[in-house]
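J.: One structure is given below, represented as structure tokens, and several questions about it will come after.
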Amino acid sequence: MIIGDMQRKRNFGLEKVKRAIEIHNGTTLLATGITGDDARLALAAVKAGAKLLEPNHPAVALARGHKGVTSMHAAEEIRHEIEFSEMCKVVKGVRAVVGNEIYITAGIPGSFTEVLPTPFTEQMAYELSRAGADGVHTHKSTYEDLIDVVDICHKNGLLVDAYIAHPSDRHLFGIPAKSPGEVAEAARRMEEIGVDLIGLMTGMSYEGVAAGDIPQVIKERLQALISNVSVPTLAEGGINAVNYKAFIGTGVNILVVGTAFDDIARKAVEETVSIFLKK
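FYI, in our numbering the residues of the sequence shown are 269 to 547.
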């Protein structure tokens, strides 16, 4: 393994993240969902100013209609069935159209808490890195698994963004932490492990929140994360074009948005088709 080159690649990736945060005055966007798995829409997001993108295997399962899934909840159940080679193709295609200055982190089979045993190996990390990824988006739910992911990724020039989740969430998307105190403890340990970016799952996944605010308990959990780590922080789950304003000023560095883009794109297609079919 060429340690120096891999460290240099990770440094380049982290600089992309820090530059995006700085350009967007402390809180930037990680565009995922349809903007991460479709190269055309990834380019559209970048043209609008997005600097960070995230292709992931559940979104690809939904985009490909794998086993007939039509919702992200359903896609989460069969995400591990998406071929790793398919994710490399997605990453390579997105990288080809958006250029080298855009940060790409990828969720792949084996990087989440999968419902069936799914490997994540050094060879996979190497191939993903070669395909153009800067990082791996992981939702591992034990420290032991997270340590392995960090070790494998760092050896192959990849950063790691990992998450803290609530134990009662419908899908286990990270290290479980019930109270703000547990969130703080998990955040500190994740940074000690070497996680490069640490996020909080809000528990609002896929349904979103219509009102222009977020629950107080989420603010408390988010603050527990932000005040206990020095690495860039993220918030993910149900963030949309209305409630995102409630996250601005909290100190979180990156808002992960996917379903909101999916919903807008779907509505735009429906409305445009109806125009053409009007008699």
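Beta carbons: idealized from backbone N, C-alpha and C, even for Gly. Please read these numbers as outputs of a predicted model, since none were measured by experiment.
1) Taking all protein chains shown into account, decide if T338 is buried (16 or more other Cβ within 10 angstroms of its Cβ) or exposed.
2) Let me know if D481 comes out buried or exposed under the rule of 16 or more other beta-carbons within 10 Å of its beta-carbon.
3) Could you tell me if G303 is buried or exposed, where buried requires 16 or more neighbouring beta carbons within 10 angstroms of its beta carbon?
4) Please go through the segment 306 to 365 and give each complete alpha helix (DSSP H) segment of 4 or more residues, from N-terminal end onward.
5) Assuming V468 and R438 make a contact with CB atoms under 8 Å, what is their CB distance in whole Å?
6) Run through DSSP, which three-state label would R460 get?
7) Would you mind sorting D402 into buried or exposed? The rule is 16 or more other CB atoms within 10 Å of its CB.
8) Is the distance from the Cβ of P377 to the Cβ of E351 below 9 Å?
9) Using only the alpha-carbon positions, how far apart do G294 and G517 sit?
10) So which of T296, K277 and A310 has the shortest CA-CA distance to P500?
11) Could you check the C-alpha separation between V541 and R308 for me, to the nearest Å?
12) Leaving aside the five residues before and after H334 along the sequence, list all residues of the same chain whose C-beta is less than 7 Å from its C-beta, in chain order.
T.: According to the structure shown:
1) Numbered from 1 along the sequence shown, position 70 holds the residue referred to as residue 338. It is exposed - the Cβ of T338 has fewer than 16 other Cβ atoms within 10 Å.
2) Working through the sequence shown from its first residue, we reach residue 481 at position 213. With fewer than 16 Cβ atoms within 10 Å of its Cβ, D481 is classed as exposed.
3) Against the sequence shown, residue 303 aligns to sequence position 35. The sequence given here has Thr at residue 303, not Gly. Per the 10 Å Cβ criterion, buried.
4) 307 to 315, 325 to 332 and 340 to 346
5) On the sequence shown, position 200 is the one that residue 468 refers to. On the sequence shown, position 170 is the one that residue 438 refers to. It should be pointed out that residue 468 corresponds to Leu in this sequence rather than to Val. The pair is not a contact, with the Cβ atoms about 16 Å apart (cut-off 8 Å).
6) Locating residue 460 in the sequence shown gives position 192, counting from the first residue. The question names Arg, but residue 460 is Glu in the sequence shown. Helix.
7) The count along the sequence shown starts at 1 and reaches residue 402 at position 134. D402 should be labelled buried.
8) In the sequence shown, counting from the first residue as 1, residue 377 sits at position 109. In the sequence shown, counting from the first residue as 1, residue 351 sits at position 83. Cβ distance < 9 Å, so P377 and E351 count as in contact.
9) As a first step, residue 294 must be located in the sequence shown, where it is residue number 26. As a first step, residue 517 must be located in the sequence shown, where it is residue number 249. If I take the Cα positions, the gap works out to 9 Å.
10) Residue mapping note: residue 500 aligns to position 232 of the sequence shown, counting from 1. It is T296 whose Cα lies nearest to the Cα of P500.
11) Walking along the sequence shown from the start, residue 541 turns up at place 273. Walking along the sequence shown from the start, residue 308 turns up at place 40. Distance between the alpha carbons of V541 and R308 is about 19 Å.
12) The sequence position of residue 334 within the sequence shown is 66, counting from 1. Same-chain partners within the cutoff: I346, E349 and I350.
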